[in-house]
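Notes to accompany the following structure.
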Amino acid sequence: MSTSTTGDVLVDYDEVLAAYDPAMGLEVHVELNTATKMFCGCPTEFGAEPNTQVCPTCLGLPGAMPVVNAKAVESAIRIGLALNCDIAEWCRFARKNYFYPDMPKNFQTSQYDEPIAFEGWMDVLVPTADGGTETVRVEIERAHMEEDTGKSLHVGGSTGRIHGADYSLVDYNRAGIPLIEIVTKPITGLGAQAPEVAKAYVAQLRELIVALGVSDARMDQGSIRADVNLSLAPKGSGALGTRTETKNVNSLRSVERAVRYEMQRHAAVLGEGRSILQETRHWHEDTGVTTSGREKSDAEDYRYFPEPDLVPVAPSREWVEQLRGTMPENPRARLARLQESWGFTDLEMRDTVGAGALGLVEETIAAGAAPQSARKWWLGEMARRANDSGVEIGALGVTPQHVARVQAMVDAGELTDKLARQVFDGLLAGEGTPEEVVAARGLAVVSDEGALSAAVDKAIAENPAIADKIRDGKVAAAGALIGAVMKEMRGQADAARVKELVLEKLS
Amino acid sequence: MSADLTRRTAADLAADLAAGTTTSVALTQAHLDRIAAVDGGPDAGVHAFLHVDAEGALAAAAASDERRAAGSPASALDGVPIAVKDVLATRGLPTTCGSKILEGWVPPYDATVVARLRAAGLPILGKTNMDEFAMGSSTEHSAYGPTRNPWDLERIPGGSGGGSAAALAAFETPLALGTDTGGSIRQPGAVTGTVGVKPTYGGVSRYGLVAMANSLDQVGPVTRTVLDSALLHELVGGHDPLDSTSVDQPLPSLVDAARRGAEGDLSGVRVGVITELSGEGYQAGVQARFEESLELLVKAGAEVVEVSCPTFVHALATYYLIMPCEASSNLAKFDAMRYGLRVLPEGVDSPSAEQVMRATRDAGFGDEVKRRIILGTYALSSGYYDAYYGTAQRVRTLIARDFAAAFEKVDVLVSPTAPTTAFKLGEKLDDPLAMYLNDLATIPANLAGVPGMSLPSGLADEDGLPAGFQILAPALADDRMYRVGAALEAALHERWGGPLLDRAPALAAQAGPTDANGASA
Ligand SMILES: [Zn+2]
Numbered sequence: 009m010s011t012s013t014t015g016d017v018l019v020d021y022d023e024v025l026a027a028y029d030p031a032m033g034l035e036v037h038v039e040l041n042t043a044t045k046m047f048c049g050c051p052t053e054f055g056a057e058p059n060t061q062v063c064p065t066c067l068g069l070p071g072a073m074p075v076v077n078a079k080a081v082e083s084a085i086r087i088g089l090a091l092n093c094d095i096a097e098w099c100r101f102a103r104k105n106y107f108y109p110d111m112p113k114n115f116q117t118s119q120y121d122e123p124i125a126f127e128g129w130m131d132v133l134v135p136t137a138d139g140g141t142e143t144v145r146v147e148i149e150r151a152h153m154e155e156d157t158g159k160s161l162h163v164g165g166s167t168g169r170i171h172g173a174d175y176s177l178v179d180y181n182r183a184g185i186p187l188i189e190i191v192t193k194p195i196t197g198l199g200a201q202a203p204e205v206a207k208a209y210v211a212q213l214r215e216l217i218v219a220l221g222v223s224d225a226r227m228d229q230g231s232i233r234a235d236v237n238l239s240l241a242p243k244g245s246g247a248l249g250t251r252t253e254t255k256n257v258n259s260l261r262s263v264e265r266a267v268r269y270e271m272q273r274h275a276a277v278l279g280e281g282r283s284i285l286q287e288t289r290h291w292h293e294d295t296g297v298t299t300s301g302r303e304k305s306d307a308e309d310y311r312y313f314p315e316p317d318l319v320p321v322a323p324s325r326e327w328v329e330q331l332r333g334t335m336p337e338n339p340r341a342r343l344a345r346l347q348e349s350w351g352f353t354d355l356e357m358r359d360t361v362g363a364g365a366l367g368l369v370e371e372t373i374a375a376g377a378a379p380q381s382a383r384k385w386w387l388g389e390m391a392r393r394a395n396d397s398g399v400e401i402g403a404l405g406v407t408p409q410h411v412a413r414v415q416a417m418v419d420a421g422e423l424t425d426k427l428a429r430q431v432f433d434g435l436l437a438g439e440g441t442p443e444e445v446v447a448a449r450g451l452a453v454v455s456d457e458g459a460l461s462a463a464v465d466k467a468i469a470e471n472p473a474i475a476d477k478i479r480d481g482k483v484a485a486a487g488a489l490i491g492a493v494m495k496e497m498r499g500q501a502d503a504a505r506v507k508e509l510v511l512e513k514l515s
Numbered sequence: 003m004s005a006d007l008t009r010r011t012a013a014d015l016a017a018d019l020a021a022g023t024t025t026s027v028a029l030t031q032a033h034l035d036r037i038a039a040v041d042g043g044p045d046a047g048v049h050a051f052l053h054v055d056a057e058g059a060l061a062a063a064a065a066s067d068e069r070r071a072a073g074s075p076a077s078a079l080d081g082v083p084i085a086v087k088d089v090l091a092t093r094g095l096p097t098t099c100g101s102k103i104l105e106g107w108v109p110p111y112d113a114t115v116v117a118r119l120r121a122a123g124l125p126i127l128g129k130t131n132m133d134e135f136a137m138g139s140s141t142e143h144s145a146y147g148p149t150r151n152p153w154d155l156e157r158i159p160g161g162s163g164g165g166s167a168a169a170l171a172a173f174e175t176p177l178a179l180g181t182d183t184g185g186s187i188r189q190p191g192a193v194t195g196t197v198g199v200k201p202t203y204g205g206v207s208r209y210g211l212v213a214m215a216n217s218l219d220q221v222g223p224v225t226r227t228v229l230d231s232a233l234l235h236e237l238v239g240g241h242d243p244l245d246s247t248s249v250d251q252p253l254p255s256l257v258d259a260a261r262r263g264a265e266g267d268l269s270g271v272r273v274g275v276i277t278e279l280s281g282e283g284y285q286a287g288v289q290a291r292f293e294e295s296l297e298l299l300v301k302a303g304a305e306v307v308e309v310s311c312p313t314f315v316h317a318l319a320t321y322y323l324i325m326p327c328e329a330s331s332n333l334a335k336f337d338a339m340r341y342g343l344r345v346l347p348e349g350v351d352s353p354s355a356e357q358v359m360r361a362t363r364d365a366g367f368g369d370e371v372k373r374r375i376i377l378g379t380y381a382l383s384s385g386y387y388d389a390y391y392g393t394a395q396r397v398r399t400l401i402a403r404d405f406a407a408a409f410e411k412v413d414v415l416v417s418p419t420a421p422t423t424a425f426k427l428g429e430k431l432d433d434p435l436a437m438y439l440n441d442l443a444t445i446p447a448n449l450a451g452v453p454g455m456s457l458p459s460g461l462a463d464e465d466g467l468p469a470g471f472q473i474l475a476p477a478l479a480d481d482r483m484y485r486v487g488a489a490l491e492a493a494l495h496e497r498w499g500g501p502l503l504d505r506a507p508a509l510a511a512q513a514g515p516t517d518a519n520g521a522s523a
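Pasting the structure below:
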């Protein structure tokens, strides 16, 4: 047993598994990258001044009416097909009625019992303990279209939540942006693997969305958001327990952590003989815990009914077949192709996928870097920095083009690896392009032979004992002198050239 | 001169403007003068208008006259003024829907039909009174006070569009736009002796119409003659990409159909009298005028038969499930967060958004609106949805099938528009069910999406008040009712020696402006 920062009692993970079978369901919201919103012509660009991308329709002004964005329907169908779903021949939008200030009409136009795509699956590659991978088939219940809400900013108070805030501001730029909600069927029988499978599913779904080109797929900007439903049932009972729904888990790492946390918390509650409250919970990225949100009981009744202002969506079979022809490569075939082309080992490939860096590495290689260089930077330097700052690796602010450019400078002898890391510091600090960072920080390798030669002479003079050892043929001792020279040159020298000079002078 | 201009039809005025015998400024001013003389306000007068835009109307009239002078009028009706029901969004003009909750709201955009009026050069005189959010059959549910029937100021002008119909009957405007969800154009037409048309569902854009029940609402013309309705219907109708439910196909010419009908020959036209919508339950004088009209149709060469539509007896119950369901959801947006009334709860220091919503909706909505929100919320609730909304939708399909079967046998269907003539103000205010019965004959058309027209059939013997004759046609065959309606109108005018409204009593002049919203200003 242990206690989280919220005071939740947690059961040790192994003990959870000894007593319970976890079941989970994942709901992933994908914000489409269509040029305009779901039901109006407003632009969807991220980051505009609040309430500048609005019109009578997405503000819910009296009298305004929606019109379905055909491009969003196309994206929804393509996502459905990529998830091996059936595509509805005829489906409708429905109103989901509830009051909330960031929802302009106080109903969300969504799909209820007639989703555009249903009954699909995705084969998820999950790392195994022995370093290999295995395939877990995740059944997809549905993928449906809906509109996003506005965004509330609660000002004042201590929690940043609506309760206790002094006042709230609402930005309706996001209201009406097209969303696709992808819902899995309950995923059972995973035991200890459940958290990893959850993460791998979201990671692979994200890769698929990127490959389809239908979303920016930025978890840090909320263009992909995951809700994690989790329940525990007594081991071997085959039943489904009461679930909680943890909202807006906004990084791959957190998907895994949230599943694990809820498993440990549920077990503690059940172990005390209490029952799980069916509720919405909030995930806290910083502390890694969930806290209780609004209670989700039978009292919550969305009073769904078909949206009377819209006509049914009836995609022709010809269109669907045409879209089927635009499907990206099968994920497994793609992995095999990339591995062969890059010459990665199974372990290297697994780590690349696991780090969520497959697309980044691919783009970096496409931008001119050697496969091993691309892998080295993303899985080493970038993964470490992402982990330190708790963001997605793709959201660091360093692009594949940056990495390729820096590596090209290293290859040309203009930067050392150490200097390259300083270039990345500058890129992360938003100091411009790699060239601009190099210029501004004065990071170029010193190729002035005179200065280098003088530094080597100085190091030899200051370390006579080491110099003697090298003269005696102990070449390995050169390292200490090289280090001294590099220190003198503040790292801006090519270590290989320094070694040559040392050996030359002491031969 | 003014009086002459206000008594002319829109078609006459368009001809006058084309001939250069009057100007848009002159006839717009004449109507503004008439409004100032008879409209009064909440306490006296017709009170057809909630807002009069004299300045805007005269500016639009002047621009129209310039176009005429340059020989390039924007449309046949360029320069003919019009009034607009206050449920249609008008850029820069207050739009209240007859509700306190929207008091002071000025839309930043025009409804498509309003944009079409402006583009066609029609000066907008103002916004007309209505039952709050179009919920009612008497205009007594307006939060700004009732409209009075020009035939008898003690009586209701029908509803919800009593303002538009009364404005026509009082010669305050030659044209108006109304909306019809269960009879809100046709029933006021019947009880004020005017003409009103509910077009085929999807025939006229609803974009900018503040919805009561989206699957039933239609915008349509309110006029004094069938031809004027056809002219206005053609002008505002047609496909609108902003309304997904608007029909994207060319319609037969309605003006041609009205002109052809006025020639009086209905040979070969089959007219079906709906068994379930006449006879018992209809006021004797209303029924008598209806039967006389049938005789005139026969005289014009039509074949009149009786047609049974058995499911129509369930129309009222069906309507009172579907309409409140849609309305309860539509009206959720009035929450004080973005526009309109905002009421802070009493005795609360820093109220939450939810508390402000509750206080505002409690203070801003009238009883009838609250009644329908509660009905709809209940009927949509989990566990009741199938029994109520689901069943209602299935009955709706049966009603549409009854129409389809009937239109296999006849070209148009007819009935009295409303069961009675205008009743007294306050008479049915405390009896919602009695009020709802007014729409018995008009509701089936909304449920099935077919077009309907009401035109005057004469005065009931017992009270000397107007009765209405309803003509229904198949969806997209609006032209048929214009043809039959114009033929009947011509025959009736011949019998009466002129329009029915010539027999309406003269209205007493009203004192200056009594309306906070600026009528008569
Ligand atoms: Zn918009």
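Protein chains in written order, with the working numbering: chain L, 9 to 515; chain E, 3 to 523. Every residue gets a Cβ at the ideal spot worked out from N, C-alpha and C, and that includes glycine. As the structure is a prediction and not an experimental result, all values here were calculated from the model.
Whole angstroms is fine: what's the gap from residue 205/L's alpha carbon to residue 132/L's?
-> Roughly 8 Å between the two C-alpha positions.
Would you kindly report the start and end of the unbroken alpha helix (DSSP H) that includes residue 482/L?
-> Boundaries cannot be given for residue 482/L, as no alpha helix (DSSP H) includes it and DSSP labels it neither H nor E.
Within the 8 Å Cβ cut-off, does residue 211/E reach chain B?
-> Judged by its chain identifiers, the structure shown contains no chain B, and its protein chains are L and E.
Taking only beta carbons into account, state which residues of the segment 192-225 of chain E come closer than 8 Å to chain L, listed in chain order.
-> Taking 8 Å as the Cβ-Cβ cut-off against chain L, the residues of the segment 192-225 of chain E that qualify are 208, 209, 210, 211, 212, 213, 215, 216 and 217.
Same chain only: Cβ atoms within 8 Å of residue 511/E, ignoring 5 sequence neighbours per side = Hits under 8 Å: 39 and 40.
Ligand 1 heavy atoms versus the CB of residue 184/L: any closer than 7 Å?
-> For residue 184/L, the Cβ falls inside the 7 Å cut-off from some heavy atom of ligand 1.
Flag residue 134/E as yes if its beta-carbon sits less than 8 Å from any beta-carbon of chain L, otherwise no.
-> Residue 134/E is outside the set of residues whose beta carbon lies under 8 Å from a beta carbon in chain L.
CB-CB under 8 Å to residue 485/L, same chain, minus the five flanking residues each way: which ones, in chain order?
-> So the list reads 474, 477 and 478, once near-sequence residues are dropped.
Bridge partner(s) assigned by DSSP for residue 130/L | 146/L.
Whose C-alpha, out of 280/L, 146/L, 334/L and 80/L, is nearest the C-alpha of residue 198/L?
-> Comparing alpha carbon positions, the residue from 280/L, 146/L, 334/L and 80/L closest to residue 198/L is 146/L.
Can you find a C-beta in chain L that's less than 8 Å from the C-beta of residue 130/E?
-> When Cβ-Cβ separations below 8 Å define contact, residue 130/E makes no contact with chain L.
Other residues of its chain near residue 252/L: CB distance less than 8 Å, five sequence neighbours each side excluded = Correct list, in chain order: 237, 238, 239, 270, 274, 284, 285, 286, 287, 288, 289 and 298.
If we ignore side chains and look at the alpha-carbon of each, how far apart do residue 306/L and residue 323/E end up?
-> Model confidence at residue 306/L stands at a pLDDT of 49, short of 50, so the residue's coordinates are unreliable; what they give is reported in the following sentence. Their Cα atoms are separated by approximately 23 Å.
Residue-level contact to chain L via CB, residue 245/E, 8 Å cutoff | Residue 245/E counts as touching chain L.
Would the segment 71-78 of chain E and the segment 169-188 of chain E be scored as touching if the rule is three or more Cβ pairs under 8 Å?
-> Using a C-beta cut-off of 8 Å, the segment 71-78 of chain E makes no contact with the segment 169-188 of chain E, since fewer than three inter-stretch Cβ pairs fall below that distance.
Between residue 113/L and chain E, is there a C-beta pair that is closer than 8 Å?
-> Chain E contact via Cβ: present.
Inter-residue Cα distance where the pair is residue 493/L and residue 514/L = Taking the straight line from one Cα to the other gives about 15 Å.
In whole angstroms, what separates the C-alpha of residue 74/L from that of residue 47/L?
-> Pairing residue 74/L with residue 47/L, the inter-Cα distance amounts to about 5 Å.
CB-CB length for residue 187/L against residue 39/L, believed under 8 Å = Rounded, the Cβ-Cβ distance is 6 Å, consistent with contact.
So which residues of chain E does residue 537/L contact, with C-beta pairs closer than 9 Å?
-> Lying before the first or after the last residue shown, residue 537/L is absent from chain L, which here runs from 9 to 515.
Is any heavy atom of ligand 1 found at a distance shorter than 7 Å from the C-beta of residue 518/L?
-> For chain L, the structure presents residues 9 to 515; residue 518/L sits outside this window and is missing.
Status (buried if at least 16 other CB within 10 Å, exposed otherwise) for residue 251/E | It is exposed - the Cβ of residue 251/E has fewer than 16 other Cβ atoms within 10 Å.
Would you check if the distance between the CB atom of residue 440/E and the CB atom of residue 139/E is smaller than 8 Å?
-> Cβ atoms of residue 440/E and residue 139/E: closer than 8 Å.
Heavy atom of ligand 1 less than 7 Å from the Cβ of residue 65/L, yes or no?
-> Yes, ligand 1 has a heavy atom inside 7 Å of this Cβ.
Give a yes or no on whether the C-beta atoms belonging to residue 33/L and residue 242/L are separated by under 8 Å.
-> No.
Neighbouring residues, chain L, relative to residue 109/E (Cβ below 9 Å) | Chain L residues near residue 109/E: 64, 69, 70 and 71.
So, are the CB atoms of residue 178/E and residue 169/E less than 8 Å apart?
-> A contact, by the Cβ cut-off of 8 Å.
List the residues of chain L whose Cβ lies closer than 8 Å to the Cβ of residue 156/E, in chain order.
-> Close to residue 156/E, with beta-carbon spacing below 8 Å, lies no residue of chain L; the smallest spacing is near 33 Å.
Give a yes or no on whether 8 Å exceeds the smallest Cβ distance from residue 390/E to chain L.
-> No, residue 390/E lies away from the interface with chain L (no Cβ there is under 8 Å from its Cβ).
Can you say whether residue 19/L is buried or exposed, counting buried as having 16 or more other CB atoms within 10 angstroms of its CB?
-> Buried, by the Cβ-count rule.
Is residue 217/E buried or exposed, if buried means 16 or more other CB atoms sit within 10 Å of its CB?
-> It is buried - the Cβ of residue 217/E has at least 16 other Cβ atoms within 10 Å.
Quick one: Cα of residue 61/L to Cα of residue 341/E, how far?
-> Residue 61/L and residue 341/E: Cα-Cα distance of roughly 18 Å.
With 7 Å as the limit, tell me which residues of the segment 300-328 of chain E have their beta carbon closer than that to any beta carbon of chain L; keep them in chain order.
-> Against chain L - using a Cβ distance shorter than 7 Å - the residues of the segment 300-328 of chain E are 327 and 328.
Taking the beta strand (DSSP E) that residue 332/E falls in, what are its first and last residues?
-> Careful: residue 332/E lies outside any beta strand (DSSP E), inside the alpha helix (DSSP H) at 317-332.
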